[in-house]
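Counting in our numbering, the sequence shown runs from 1 upward without gaps. We put the beta carbon where it would ideally sit given N, CA and C, even for glycine.
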Amino acid sequence: MSGCIDVKAVLSQIADGLQGIADGCTNSEFAILMEKRAQSVRDVATAVDELTEATEQLLQHVEFRIDDPRNAMRDRVVMAVARVGGAA
């Protein structure tokens, strides 16, 4: 399994690249399309950030016992959040 990926940073770089294309574009229709795509990527970054934060808060308030059958599921969630740059 791969290590931690700063998803928010990657999405930010993609959005900046799309915005750069839009800013340097002479075709206004294409520039508008690139700006919309850049905003969509920013929206995804915000959603990832909110989901990561909510998951971390949820995990802090859920108590798991050693023999709890949900432990495997919890471990998968913790690993997934950690992979996208969360602290879970």
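For Asn-27, there is no enclosing alpha helix (DSSP H), as DSSP marks it with neither H nor E. Between the alpha carbons of Glu-29 and Gln-39 lies a gap of roughly 15 Å. Per the Cβ contact rule, the region 46-61 is in contact with the region 75-82 (3 or more Cβ pairs under 8 Å).
The alpha helix (DSSP H) runs of length 4 or more contained entirely in the region 60-85 are, from start to end of the chain, 71-83.
Put simply, the backbone Cα of Asp-43 is about 13 Å away from that of Gln-13. About 6 Å separates the Cβ atoms of Val-84 and Val-48, confirming a contact at the 8 Å cut-off.
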